[in-house]
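Inspection log for the structure reproduced underneath, given as structure tokens.
Numbering (the numbering used here), first residue to last: 4 to 793.
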């Protein structure tokens, strides 16, 4: 006899079926890069990396709400489908309004999922793949669901997901009941269920392994390459034979032929090292070897290899790592396009003993503040040989961080325009015991060498700064810039309208916890009416640190702050929401230490929700249309991509919920744009600062709680949503494609999903095309040189 919960489940299913709405059958009309396969109805050949169907139906526009989406789709080749839907909500097609159909599995032909349309859909597009392939598709259908129907289907999907660990259907139903009966009611329940369905159901983001399968051979479009000799420096010492051979094989596999490998063996005692190196040198005259008579460690060995180099650019390779076959070709092509570059670095990943690649580091463009926290350049680094000779090569005594030190010393001689980043994974870092790819703790001496390298950098550049440890983090540091002895006055602007509970907590947290001595608080009263609020304002009439200013105009965040800045006395301005609460006592010291640096514009803080999850760890533009907070919803202490959530760094934008800037800079850029009343005024402000040449900084070492939008409310009315969409369109018109090309955010990362997840396809991806005949034959071979160096 069926159990009680199964009977209840069946009863719910029968009710839900009766609540389903009418279906919308989509006619798929080919737009680009698609050809029907003759004699096979429903079978199509995608001839490029961006095939598109227009979805046409009589029912447009599709009304906002929940839908059951079904499609018959079958990959007829080797698991190459990446199905995406693009929704036009009245503002055109964009990555922001797209949905990856992760419920499409290559083990089935018919696929079903639940989707939420937040706005009415004017047009719809279906992109089946992002690489050429053959597939069968038909019967794309939307069926309107009631909220009960959508909830039931999502619960059912999550309960059946074998990847979900937990108490099963009973526990899931109990959790659902608690959410439904909790303080948030139906809204909290719907949010919880949808997030769980998206995260644990069938919408999981594709993996790096799959990403490599689709795009690893697609690096850059190469038509003609100049003949430019690249010298690869390879210091060796007792390298295990298996890794040395793989390293050397990766050099021989380069598609670009004009290279020389300068091997400097640092007096290896293992005989197989000499045997392997000599065997490879006999195979290829481009391999040249120096046999050092005594062991001098990696810096000395690298300098010996550098002394052999004849190329005008020099690449660094560790003796157990591997190069991507297109590494040198990609570098030479990038240098051809950017002849001003003197130093170039690429993305990288790790490779294990079985040759499996994982843990990619998709790096930002040149970001010196991040470089002061970690070696975010690392591999692959390629330098002008003249530059390396000018700085004196590698410094001995900094082994383990000699490459970090080299980057710092080279950067001191270059402008940012002379440093390039190729956003392609071209280097594979071997992760074996004893390698720092396994963790800096494998070579703890590298940590101390890194700190000495940073201290030397600040001494040479005349910057007064301390290099501090970060608890629990090896290979990463906090830089504290010293403030002048006469501390600048900081004016903290706090706009408010009633909600005394929030304002009192904010102001008292500043007065009671802040250690910085020289500040003033300017409360801006924007039409408060509650007697308790007005009485609270009056209590500050004679307060030495707090003043109250009236702003008797409709709410416009930009106008409120612009008018208040004129009334401020401080050299530094701190914009602060009334729903913010101080955590770290030295928050003003930290923000001010960055804001006082001459080239710095806005400085933002780490903000948490009251439940100790991250609300703001910097802003990346382009994600979700205009911008998105990084790591939002992650637990406090979450490290982020390559520990970036724990390191100060350059950022395109930061939130004005807590933002510090020099008063003169605020006025220079014209303050906040009053056309942006509520949303995006801080993003626009930061982008205008960047346009003037200032660097915006985010620091995790100033921490505050943010009870977001608690006094103003959420975008929960038609009027507020319309205003939000207008302000979004304003930003797109003003900043255009710049939004989608944030220099701190790698183009291999998505704009449509969670920040720092993979983009399918990469946003700068093109199929690799190398024409060997375009590379003129030239021989740079010379007799092998065997030199003894004491």
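Glycine is no exception: its CB is placed at the ideal position from the N, C-alpha and C atoms.
If you draw a straight line from the alpha carbon of residue i to that of residue j, how long is it in whole angstroms?
i	j	result
residue 614	residue 638	9 angstroms
residue 592	residue 752	34 angstroms
residue 232	residue 261	5 angstroms
residue 259	residue 238	22 angstroms
residue 474	residue 449	16 angstroms
residue 794	residue 558	Here the chain has residues from 4 to 793 only, and residue 794 is not among them.
residue 343	residue 423	9 angstroms
residue 273	residue 266	16 angstroms
residue 33	residue 617	43 angstroms
residue 363	residue 429	11 angstroms
residue 547	residue 522	10 angstroms
residue 165	residue 71	Model confidence at residue 165 stands at a pLDDT of 47, short of 50, so the residue's coordinates are unreliable; what they give is reported in the following sentence. So the alpha carbons of these two residues sit roughly 21 angstroms apart.
residue 315	residue 388	5 angstroms
residue 431	residue 333	15 angstroms
residue 204	residue 210	Because residue 204 carries a pLDDT of 45, less than 50, the predicted location of this residue cannot be relied on, and the following value inherits that uncertainty. Computed Cα separation, rounded: 15 angstroms.
residue 230	residue 335	9 angstroms
residue 505	residue 489	33 angstroms
residue 740	residue 398	42 angstroms
Please name the residue, chosen from the options, that lies closest to residue i on a Cα-to-Cα basis.
i	options	result
residue 330	486, 235, 765, 93	235
residue 517	595, 468, 543, 481	595
residue 152	383, 489, 117	117
residue 123	721, 763, 755	721
residue 584	384, 568, 707, 544	707
residue 540	512, 500, 598	500
residue 669	683, 255, 575, 529	575
residue 283	309, 364, 565, 256	256
residue 307	294, 148, 699	294
residue 245	275, 218, 128, 228	275
residue 217	60, 289, 136	136
Who are the Cβ neighbours of residue i in its own chain at under 6 angstroms, not counting the five residues just before and after it?
i	result
residue 758	623, 626, 631, 633
residue 497	526, 579, 581
residue 419	369
residue 688	675
Any beta carbon of chain B sitting closer than 7 angstroms to that of residue i?
i	result
residue 415	Absent here is chain B; the protein component of the structure consists of one chain.
Under 7 angstroms Cβ to Cβ from residue i, same chain only, skipping five residues before and after it: list those, please.
i	result
residue 380	348, 374, 410
residue 794	Absent from the model: residue 794. The displayed extent of the chain is 4 to 793, so no value can be given.
residue 444	Because the pLDDT of residue 444 is 47, which lies under 50, any placement of that residue in the model is unreliable, and the number read from its coordinates should be weighed accordingly. So the qualifying residues of the chain are 477.
residue 621	607, 633, 654, 657, 701
residue 646	377, 476, 479
residue 299	269
residue 93	125
residue 738	690
Could you give the residue range of the beta strand (DSSP E) that holds residue i?
i	result
residue 631	630 to 632
residue 703	698 to 709
residue 387	384 to 387
residue 322	That residue, residue 322, is in no beta strand (DSSP E); it is neither H nor E in DSSP.
residue 274	Not the beta strand (DSSP E): residue 274 falls in the alpha helix (DSSP H), residues 274 to 286.
residue 494	493 to 499
residue 352	346 to 354
residue 87	84 to 91
State buried or exposed for residue i, treating a residue as buried only when at least 16 other CB atoms are found within 10 Å of its CB.
i	result
residue 357	exposed
residue 664	buried
residue 67	exposed
residue 470	buried
residue 425	buried
residue 434	buried
residue 280	buried
residue 313	exposed
residue 415	exposed
residue 553	exposed
residue 297	exposed
residue 462	exposed
Identify the continuous alpha helix (DSSP H) that holds residue i and give its terminal residues.
i	result
residue 53	Run containing residue 53: none; DSSP gives neither H nor E here.
residue 728	721 to 738
residue 371	371 to 374
residue 409	405 to 414
residue 861	In this structure the chain extends from 4 to 793, so residue 861 is not present and cannot be described.
residue 592	590 to 598
Closer than 8 angstroms by C-beta to residue i: which residues in its own chain qualify, once you throw out the five before and the five after it? Chain order, please.
i	result
residue 337	223, 344, 347, 423, 425
residue 565	674, 675, 677
residue 611	586, 617, 618, 639, 706, 707, 708, 709
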